[in-house]
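For reference, the structure discussed in these notes is given below.
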Ligand code: X2X
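Numbering (our numbering), first residue to last: 245 to 578.
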């Protein structure tokens with residue numbers, strides 16, 4: 245009887261605690277992204293929202309705000325808004341968060357990751373732990389990975405096979421200074437611009453080229469604004485990170501935190517598959533739409549690697565040489 249009674253008290257206490265938590269939860273949490281579905285980015289975000297809703301029986305509702313609308317289209321302000329609690333959660337690109345978290349420039353070191361296995365080696369294990377610690381230190385709780393993809397350069401003028409082919413081309417790049425340095429080292433004329441401004445700038449020919457994963461290129465129909473030359477050089481890749489504002493995160497019960505983490509892992513897998521499987525499909529579609537896709541020989545690729553070694557060395561210091569070394573070892577062991 246006594247056992248039963250204490251069990252009843254425990255059950256009541258747990259129920260009260262659970263409903264107290266639930267009562268503290270907001271009716272809806274904002275989730276910031278840049279690209280919506282059917283981009284692999286948005287597919288991952290939507291899957292996360294769906295799984296969380298299902299597994300919490302609707303107690304936790306996430307709502308996606310895409311196209312960086314919560315930061316007025318300025319994707320490089322997303323991390324700051326997340327940290328400040330202007331947005332509750334985000335599925336963000338390492339490129340877009342790198343102005344605030346310098347370690348995230350790791351994924352933009354030119355030619356560090358030769359293939360998807362190399363990328364996987366960095367989003368798991370010791371490197372991933374260091375990256376998550378850096379994000380936590382800057383004021384957001386990272387809880388999982390997804391993927392935008394390996395980035396390819398396109399332009400409206402001519403085929404790019406050598407660094408000399410990039411000379412003088414005006415290329416739209418995202419907001420990390422590292423991209424300015426890469427394209428300047430290659431002799432191009434880089435100009436930083438948000439995604440919101442990129443397509444208009446390509447349309448009016450204010451810029452000659454851009455760089456993005458093939459899925460992004462095809463889904464955004466970039467070939468329709470005259471971008472008919474693509475070089476598939478896999479020079480960088482941007483993983484995406486699920487993260488939550490720390491105050492919001494602390495309000496969730498441990499059980500609900502686990503639901504959010506597990507759902508992010510599953511949704512991330514779906515998004516990563518969409519990005520990787522989507523790349524070859526998008527490449528075929530782009531070719532059918534008249535895009536000339538160039539793949540480089542080993543020797544041709546090496547010319548780009550050599551031309552960007554100085555930038556790599558420079559940015560290794562800024563990122564932290566220990567982390568870069570750890571990443572290089574993980575890539576070598578993959
Ligand atoms: O702006 C881009 O190029 C995009 C959509 O790929 C990112 O947000 C990094």
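Heads up, the beta-carbon is just placed ideally off N, CA and C, and yes, glycines get one too.
- For residue 370, the shortest C-beta to heavy atom distance toward the ligand X2X is 8 Å or greater.
- Fully enclosed beta strand (DSSP E) runs of no fewer than 3 residues occupy 273 to 276, 306 to 309 of the segment 260 to 309, in order along the chain.
- Counting the other Cβ atoms within 10 Å of the Cβ of residue 327 gives 16 or more, which makes it buried.
- In this structure, the CA atom of residue 569 is about 14 Å from the CA atom of residue 375.
- When secondary structure is reduced to three states using DSSP, residue 453 falls in the strand class.
- Rounded to the nearest whole angstrom, the C-alpha separation of residue 432 and residue 318 is 24 Å.
- Partner residues in the beta bridge of residue 394, as assigned by DSSP, are 481.
- Exclusion of the five residues before and after residue 418 leaves 339 as the residues of its chain whose Cβ lies within less than 6 Å of its Cβ.
- Those residues having their beta-carbon less than 6 Å away from any non-hydrogen atom of the ligand X2X are, in chain order, 278, 279, 319, 337, 339, 340, 392, 418, 439, 456, 460, 482.
- Here residue 385 carries a strand assignment [DSSP, helix/strand/coil].
- If you compare the alpha carbons of 549, 559, 544, 572 with that of residue 405, the shortest gap goes to 544.
- Note on the segment 463 to 521: whole alpha helix (DSSP H) runs with a minimum of 4 residues are 490 to 495, in chain order.
- Within the same chain, 282, 283 come within 7 Å of residue 463 by CB-CB distance, once the 5 residues on both sides are set aside.
- Taking the Cα positions, residue 547 is about 15 Å away from residue 356.
- Take residue 472, set aside five residues on each side of it, and the residues of its chain with a beta-carbon closer than 7 Å to its own are 400, 534, 535, 536, in chain order.
- When the beta-carbon positions are compared, residue 323 and residue 354 stay at least 9 Å from each other.
- The three-state secondary structure of residue 526, taken from DSSP, is helix.
- For residue 444, the uninterrupted alpha helix (DSSP H) segment begins and ends at 439 to 447.
- In the DSSP assignment, residue 436 falls within the unbroken beta strand (DSSP E) covering 433 to 436.
- Within the same chain, and ignoring the five residues on either side of residue 382 in sequence, the residues whose Cβ sits closer than 8 Å to its Cβ are 323, 327, 344, 345.
- Comparing alpha carbon positions, the residue from 426, 359, 392, 292 closest to residue 336 is 392.
- Under the three-state reduction of DSSP output, residue 533 falls in the coil class, being neither helix nor strand.
- In this structure, DSSP gives residue 399 an extended state, which the three-state scheme calls strand.
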